[in-house]
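Below you'll find the structure, written out as structure tokens, and then a few comments.
In my numbering, the protein residues as written are 1 to 86.
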């Protein structure tokens with residue numbers, strides 16, 4: 001039924017959020033991604049800014065992928081409470 005090379009992910013490693021409010025002239029994005037660095041540590045990469053413009057980024061280094069994903073989920077919940085949507 002499923003291809004053996006495909007693994008379903010329970011926890012996302014990449015998440016794109018947007019907040020658009022035309023009445024306030026607000027068009028923002030927030031991107032979260034978990035990746036490995038050259039030393040094998042898990043990094044949470046946070047990117048944000050106005051849609052269509054160059055934004056900012058921040059890289060958080062974590063001991064393992066589980067902690068990085070936990071941080072991703074916490075930040076995503078915080079942003080969704082502030083009006084960001086998937």
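For glycine and all other residues, C-beta sits at the position ideal for the given N, C-alpha and C.
- Contact set for residue 70: own chain, Cβ-Cβ below 7 Å, skip 5 residues either direction: none
- Query: Do you know offhand how far residue 36's Cα is from residue 75's?
  - Reply: About 19 Å.
- Are the beta-carbon atoms of residue 51 and residue 33 separated by less than 8 Å? no
- Message: Could you compute how far the alpha carbon of residue 80 sits from the alpha carbon of residue 60?
- Response: 20 Å
- Message: For residue 82, count the other beta carbons within 10 Å of its own beta carbon; 16 or more makes it buried, fewer makes it exposed. Which is it?
- Response: exposed
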